[in-house]
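Letter 177 of the sequence shown, counting from 1, is numbered 172 in this note's numbering, and no numbers are missing.
I have placed the structure first, in the form of structure tokens, so that the comments after it can refer back to it.
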Amino acid sequence: MNGSEFKCYGKEMIDYIEGYLENIGERRVTPNIEPGYLKKLLPEEAPLHPEKWEDIMKDIETKIMPGVTHWQHPRFHAYFPSGNSYPSILADMLGAGIGCIGFSWAASPACTELETIVLDWFGKAIGLPTQFLSSTENSRGGGVLQTSASECILVAMLAARAQAIKRLKQQHPHVEEGVLLSKLIGYCSREAHSSVEKDAMISFVKLRILEPDDNASLDAKNLRLAMEEDESNGLVPFFVSSTLGTTSSCSFDNIKEIGEVVQEFPGVWLHVDAAYAGNAFICPELKYLLEGIEYADSFNTNPNKFLLTNFDCSCMWVRDRYKLTSALVVDPLYLQHGYSDSTIDYRHWGVPLSRRFRSLKLWFVFRCYGVSGLQAYIRHHIKLAKIFETFVKGDSRFELCNKVVLGLVCFRLRGSDKLNEKLLSNINESGKLHMVPASQKERYFIRFCVVAQHATESDIEYAWKVITDFASDILDSAKA
Ligand code: PLP
């Protein structure tokens, strides 16, 4: 493809994307295909000779789209949102076009510096303490973009692990590091995202998963008891992962109470995972949820969930970047440069070496919407969730299963789990809506998340009509 073909096909592609997004509601939200459908449609070998662009594009509609779950669809209410917006898509295109690999400042200075600046903008906008910002005088903190929240938590855990091993090694210089590692134990609540468990597996550390309280929050008293008990059994607490906005029900840990407990155990690292909810703290009226953040060592939130930015864009801030980098520095000659002492080299802040120019997305989004536009977007989603909550509360056949703070409403039909499983599977199979379940204390419920960027009140009314129609059918046939 030469430059003029690129210009021509590129314009066509923009038209295609715009048409896709503007008319997405005409498609079925979930695909109606069986596993392996694509294998039957594509050749077994890569083409030996070049193919025509037109033929490739034809296959998008005929072969790929039938197997796409449309996350931007107004009837998609599953998981958490997959952020999207035109400015973000364009910035991603630009990043791909520039095609730089920003692993160090020297490898592409703008890539590094924009990331630092935009993370400071965002950190300030959501109200992080100044110690987390790079621009604060004599700051040891700062922000970085990672690929996912799972990776943010992993990196925080690796930093905490390195700190703990260093401390233990000073106390027990003759004990092997592997033995010291076997003593480390981290903590989270059962409501924490499963990535915490996976990260502990990768880090080869023990993790104690604590039962949450009745609000689905990590109970600070239980945490203290567990840490004391483990210490008295010769283990070494080193890491606590708390959550603001849990995946199942968008519940909030009380990080002030947890932070106070963690303070009693010097050297323990407190991480706050706010993958979805953290974006909402851009609204002043929601900042109260961050109370206690001053106790945290690290914090993450994903604009690619709830801030109009395409995947991947997972923001992480640390109070002390040297604790992070000391766990991850490997420094071969070919990656060094003359400004290493005075600049940030993000390759030391995470697992991969190569990094894309991801900060462009967040920069474009902040500039095109402004903080006020982003606040309006978040408030609109919360307002729609509150409308859905009112519908649930107004129908005595249903019960509400969470405290609705942001865009997630959890509900169930009064009755058995089986009844609710049937309700959800009937709705999902119809392709009229898409939602996913969760459970707490072995109680099954359905999650309804406001997801689409331009969701409207009538989308919420439509969804409630679909849910209640299916519910009536199920209840009627149960009676019959
Ligand atoms: N933490 C929370 C609270 C989440 O809700 C999720 C995903 O929804 C994650 C972590 C994992 O996010 P990621 O897919 O970015 O790894």
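We put the CB at the ideal spot given by N, CA and C, even for glycine.
For residue i, three-class secondary structure by DSSP
i, result
"Ser103", "coil"
"Phe127", "helix"
"Gly137", "strand"
"Ile441", "strand"
"Arg374", "helix"
"Phe306", "coil"
"Phe276", "helix"
"Phe490", "Outside the displayed range of the chain (-4 to 475) lies residue 490, so it cannot be described from this structure."
"Phe247", "strand"
"Gly389", "coil"
"Pro327", "coil"
"Val257", "helix"
"Val24", "coil"
"Ala86", "helix"
"Phe512", "The question about residue 512 has no answer here: the residues shown for the chain are numbered -4 through 475."
"Ser411", "coil"
"Lys35", "coil"
"Val170", "coil"
Beta-bridge partners of residue i, as assigned by DSSP
i, result
"Cys396", "Per DSSP, none; premise fails for Cys396."
"Thr238", "Asp268"
"Tyr182", "Arg203 and Val235"
"Val431", "Arg442"
"Cys405", "Arg442"
"Ser189", "According to DSSP, Ser189 bridges with nothing at all."
"Met311", "Val139 and Asn295"
"Phe71", "His429"
Sequence-distant residues of its chain with Cβ nearer than 7 Å to residue i (five each side left out)
i, result
"Ser321", "Ala157"
"Asp87", "Asn305 and Lys356"
"Ser145", "Ser190, Lys193 and Asp194"
Heavy atom of the ligand PLP within 8 Å of residue i beta-carbon
i, result
"Asn210", "no"
"Tyr74", "yes"
"Asp340", "no"
"Asp268", "yes"
"Lys300", "yes"
"Asn18", "no"
"Ala105", "no"
"Ile204", "no"
"Ser434", "no"
"Tyr271", "yes"
"Thr304", "no"
"Asn297", "yes"
"Gly345", "no"
"Gly62", "no"
"Gly78", "no"
"Glu146", "yes"
"Thr451", "no"
"His429", "no"
"His167", "no"
"Gly240", "yes"
"Pro188", "First, the residue type needs correcting, since residue 188 is His and not Pro in the sequence shown. His188: yes, Cβ under 8 Å from the ligand PLP."
"Ser293", "no"
"Ser184", "no"
"Ser237", "no"
"Ser143", "yes"
"Ser309", "yes"
Sequence-distant residues of its chain with Cβ nearer than 8 Å to residue i (five each side left out)
i, result
"Cys396", "Ser244, Cys405, Phe406, Arg407, Gln435, Arg438 and Phe440"
"Val324", "His343"
"Ser212", "Ser184, Glu186, Ser246, Phe247, Asp248 and Asn249"
"Glu206", "Ser184, Arg185, Asp214 and Asn217"
"Met107", "Met is not the amino acid found at residue 107; the sequence shown has Thr there. The residues are Gly97, Ser99, Trp100, Thr338, Ile339, Asp340 and Tyr341."
"Asn423", "Thr25, His429 and Met430"
"Glu0", "Trp48"
6 Å Cβ shell around residue i - same chain, five flanking residues per side excluded
i, result
"Gly294", "A small correction: the amino acid at residue 294 is Phe; Gly does not occupy that position in the sequence shown. Around Phe294: Val267 and Trp312."
"Asp292", "Trp264, Leu265 and Arg314"
"Ile55", "none"
"Ala527", "Missing from the structure shown is residue 527; the chain here goes from -4 to 475 and no further."
Does the contact criterion of 3 or more C-beta pairs under 8 Å hold for the region 90 to 104 versus the region 369 to 386? no
Using a Cβ distance threshold of 8 Å, determine whether the region 32 to 51 contacts the region 274 to 282, with at least three qualifying pairs required. no
Count Cβ pairs between the region 20 to 35 and the region 63 to 72 that sit closer than 8 Å; are there 3 or more? yes
Contact between the region 165 to 183 and the region 324 to 342 (3+ Cβ pairs under 8 Å): no
For the region 356 to 374 against the region 419 to 431, do three or more pairs of beta-carbon atoms, one drawn from each stretch, fall closer than 8 Å, so that the two count as touching? no
Check whether the region 30 to 37 and the region 53 to 63 touch, using three or more Cβ-Cβ pairs below 8 Å as the test. yes
Is there contact here, the region 378 to 397 with the region 453 to 463, by at least three beta-carbon pairs under 8 Å? yes
Count the CB pairs spanning the region 465 to 472 and the region 408 to 428 that are closer than 8 Å, and state whether there are at least three. yes
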